[in-house]
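Protein chains in written order, with my numbering: chain A, 1 to 343; chain B, 1001 to 1258.
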Amino acid sequence: MKSNNIQQNALKKANFKTKIDLLVKFIFAFLALICACVVIFIVIFILVKGIQPFIIPDGSGATQNISDFFLNPNWLYDGTGGMSYMMLATIYVTLLSLIISVPTSIFCGLFIVKVCPKSIKEILKTGVQILASIPSVIFGLFGMGVLKPIVKGFANAVGMQTFGGSSVLTGVLVLAFMTIPTITLVSITSMEAVDINLSKASLALGASNQQTNYKIVLKASQSGIFAGTILGIGRALGEATALQMVIGNGGVGWDFLNVFNIYRTLTTTMLAGIGEATGIKYDIRFSLGIVLIIVIVVTNILLNLLKNYMTRIDKGEPKDKNKIGIIKNIKIYLEAYVHAKKN
Amino acid sequence: MNNENNKDEVVFDVKNVNLFYDNGAKQALKDINMKIYKNKVTAFIGPSGCGKSTLLRCFDRMNELVDNSYRDGIITYNGEDIKDINSIYLRTRVGMVFQQPNPFPMSIKDNIFYGPRCQGVKDKKILNEILDESLKGAALYDEVKDILNKSALGLSGGQQQRLCIARTLAMSPDVILMDEPTSALDPIATLKIEELINELKKKYTIIIVTHNMQQAARISDYTAFFMLGELVEFNKTEEFFSHPQDKRSEDYITGRFG
């Protein structure tokens, strides 16, 4: 009798439940739409504002010359690198900081997950988490107060000059400090997710702990470490405040190649003096914004493609299939097309 | 335990072994005494949680990886206390195959090369010899000889488990420990592994933990029956299954419990 009751109730409620499911689905879709709209709105806004300086004359009747924008080292202010140089400097600074932060983070993560005693593991992990949540301006202050004097002393010691410690190198160091916690945290997560049976198998084969860590744990977590690096790159590329406080905001052309020179990146140029800027000098920052968005989107797409490729290898799909997959598909498609034409 | 007249060479001699987990709160092994004989298959059977896998892990000191556990008593390997043998060296002599097939996420070739490479073997010629020998030894050679550079994770479960055995053979160990090697496999793959074990015992000493009594009866020379951390009975397999000495063994064999 009881089961009969349950069935009758279930029948009554089933229609209601279906409606609720539908409603929830719409609510979720609506919320997702809002998020998508915000992103699209921001991009459109930056695009419209950023294209204006090239087309519409400002109060003084000036428009921005496109070739100057890209290449003239003295464009915008005297002694300002052209946009292309700034873009390269942004990528350059990010790459240099990654050279420091990626190995440091990987070994830091490996130490926390596999080497250090369990009792201090949680403390260290919490420490890294706190570091990851420290606002960038604090890192900037740290850079100004601590790193600048050190870099200045180091530069003098090797016979170079800096602007009171402000330099590309100081910026690189600050960015490295900022990205280490991010990359470390994600690396920790992926190293902890490595199947413990793999480590055991390695140990049972007579490998030492360190051999197991390098050959098994690092290898099995490489796609996770890479994901952390992508996040780190995102943070480094988009960082403005901390970088602006230490990098000096000057320099022309290829100056940035010498790490002891001051320079400006896309982000620091946008930020520095935005309060006083008027007319074209204000609007042009939006154009720089477009460039920054493009740089970030392109890097992310490329890195994600690379990451998917690595993940597929991890999952054991044959390498050669992935490498020539796209070309092969196009070829097959073309062959089919030619064949169809013939008939 | 009437192996007094046995002339077989003893590989492992277990004397008064007790093992505790959780800082002594749980006793997993109670006063175990037994001998493992050379070039024989010894099967450990018993209900879940009876300590058979725990004892198996003692032989290559993998039990030391478990936190808050300790073991007393003496286990000797060829007459030497295993506590005095460097654990890394011991594990090159005593290989282990796990319950779940766990090949490394690399190519089949690199899986086999992993152990020798960790010992510093770099010579391509020697490595390739090891590759051929161990794959043939694990009856896997014909199936994978054309896909040696493909990922090991693309193999079927049974093939993966045989690869894990091959990986162990690559170290040319004396003893192979197997912790329920067929419990994750289908009957056909299980049969292949059992046939393989019959081949392997000519060259190696094998200790196998199994849930499956028929399996123990089919492949082993000696059988040890465990219950609640105690070694209830240890005897030649035919003796054990035809004339169990202990009431509990008899109940277990006849399927009255477990």
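Note that the Cβ used here is the ideal one computed from N, Cα and C, for glycine as well.
Residue i versus residue j - alpha carbon distance
i, j, result
"W254 of chain A", "S84 of chain A", "10 Å"
"S1249 of chain B", "Q1119 of chain B", "43 Å"
"S287 of chain A", "G82 of chain A", "12 Å"
"G206 of chain A", "Y1089 of chain B", "6 Å"
"F1059 of chain B", "I1085 of chain B", "11 Å"
"I55 of chain A", "Q64 of chain A", "8 Å"
"S136 of chain A", "T104 of chain A", "19 Å"
"L257 of chain A", "L266 of chain A", "16 Å"
"N322 of chain A", "K1150 of chain B", "In this prediction, N322 of chain A scores a pLDDT of 49, lower than 50, which makes its location untrustworthy; no coordinate-derived value is stated."
"L98 of chain A", "A176 of chain A", "6 Å"
"K1052 of chain B", "K307 of chain A", "43 Å"
"M1096 of chain B", "A29 of chain A", "52 Å"
"N1002 of chain B", "V1209 of chain B", "A caution first: N1002 of chain B carries a pLDDT of 45, below 50, which makes its placement in the model too unreliable to give a value."
"G79 of chain A", "S60 of chain A", "Note that G79 of chain A scores a pLDDT of 48, beneath 50, so its modelled location is shaky and nothing firm can be said."
"N1016 of chain B", "E1064 of chain B", "18 Å"
"L1177 of chain B", "L1163 of chain B", "15 Å"
"R1218 of chain B", "I1165 of chain B", "19 Å"
"A62 of chain A", "I280 of chain A", "7 Å"
"N1023 of chain B", "I120 of chain A", "20 Å"
CB contact check: residue i to chain B, cutoff 8 Å
i, result
"N308 of chain A", "no"
"L218 of chain A", "no"
"S208 of chain A", "yes"
"Q211 of chain A", "yes"
"A204 of chain A", "yes"
"L110 of chain A", "no"
"K321 of chain A", "Low confidence applies to K321 of chain A: its pLDDT is 49, below 50, so where it sits in the model is not reliable enough to give any reading."
"A201 of chain A", "yes"
"N197 of chain A", "yes"
"D78 of chain A", "Because the pLDDT of D78 of chain A is 49, which lies under 50, any placement of that residue in the model is unreliable, and the number read from its coordinates should be weighed accordingly. By this cut-off, D78 of chain A is not an interface position."
Residue from the options whose Cα sits closest to the Cα of residue i
i, options, result
"D947 of chain B", "B:G1046, B:F1234, B:V1014 and B:D1008", "Nothing can be reported for residue 947 of chain B, as the shown portion of chain B is limited to 1001 through 1258."
"V48 of chain A", "A:T104, A:I20 and A:D283", "A:D283"
"R1091 of chain B", "B:D1031, B:K1201, B:A1170 and B:R1071", "B:A1170"
"A1139 of chain B", "B:N1102, B:A1189 and B:P1116", "B:A1189"
"Y1262 of chain B", "B:R1061, B:Y1070 and B:V1066", "There is simply no residue 1262 of chain B to check, as chain B begins at 1001 and stops at 1258 in what is shown."
"N1111 of chain B", "A:L305, A:A157 and A:I216", "A:I216"
"V174 of chain A", "A:G140, A:Y309 and A:I91", "A:G140"
"F70 of chain A", "A:T94, A:D58, A:M87 and A:A62", "A:M87"
"D1008 of chain B", "B:G1024, B:M1034, B:K1040 and B:N1033", "B:K1040"
"S1048 of chain B", "B:F1234, B:E1180, B:Q1159 and B:Q1214", "B:E1180"
"T1054 of chain B", "B:K1236, B:L1228, B:D1251 and B:S1242", "B:L1228"
"Y1222 of chain B", "B:I1045, B:K1145 and B:R1071", "B:I1045"
Interface flag, residue i vs chain A, CB-CB below 8 Å
i, result
"I1088 of chain B", "yes"
"N1266 of chain B", "One cannot answer for residue 1266 of chain B here, as it falls past the ends of chain B, which runs 1001 to 1258."
"T1092 of chain B", "yes"
"N1102 of chain B", "yes"
"Y1077 of chain B", "no"
"P1105 of chain B", "yes"
"Q1159 of chain B", "no"
"G1095 of chain B", "yes"
"R1071 of chain B", "no"
"F1241 of chain B", "no"
"G1024 of chain B", "no"
"G1115 of chain B", "yes"
"C1118 of chain B", "yes"
"R1218 of chain B", "no"
"D988 of chain B", "Look at the range of chain B in this structure, 1001 to 1258, and you will see that residue 988 of chain B is not part of it."
"R1248 of chain B", "no"
"D1179 of chain B", "no"
"L1056 of chain B", "no"
"F1098 of chain B", "yes"
"D1060 of chain B", "yes"
"R1162 of chain B", "no"
Chain C contact residues for residue i, given Cβ-Cβ distances below 9 Å
i, result
"M1171 of chain B", "Here chain C cannot be found, since the structure's protein chains are A and B."
Could you pull out every unbroken beta strand (DSSP E) segment of at least 3 residues lying fully inside the segment 1216-1247 of chain B, listed in chain order? 1222-1227 and 1230-1236
With a cut-off of 8 Å, do at least 3 Cβ pairs link the segment 216-235 of chain A to the segment 179-189 of chain A? yes
Can you check the segment 189-260 of chain A for any alpha helix (DSSP H) of at least 4 residues that lies completely inside it and give the ranges in chain order? 196-204, 209-212, 222-238 and 241-247
Any chance the segment 116-133 of chain A sits against the segment 141-148 of chain A, with 3 or more Cβ pairs inside 8 Å? no
The segment 1118-1136 of chain B touching the segment 1177-1197 of chain B, judged by at least three CB pairs closer than 8 Å: no
Would the segment 184-195 of chain A and the segment 218-228 of chain A be scored as touching if the rule is three or more Cβ pairs under 8 Å? yes
Taking only runs that begin and end inside the segment 85-149 of chain A, name each unbroken alpha helix (DSSP H) of 4 or more residues, in chain order. 118-133 and 136-142
Is the segment 165-173 of chain A close to the segment 1024-1033 of chain B, with three or more CB pairs under 8 Å? no
Considering only residues of the segment 1146-1214 of chain B, which uninterrupted alpha helix (DSSP H) runs meet the minimum length of 4 residues and lie entirely inside it, listed in chain order? 1157-1169 and 1187-1200
Inter-stretch contact (C-beta, 8 Å, three-pair minimum) for the segment 1126-1133 of chain B and the segment 240-253 of chain A: no
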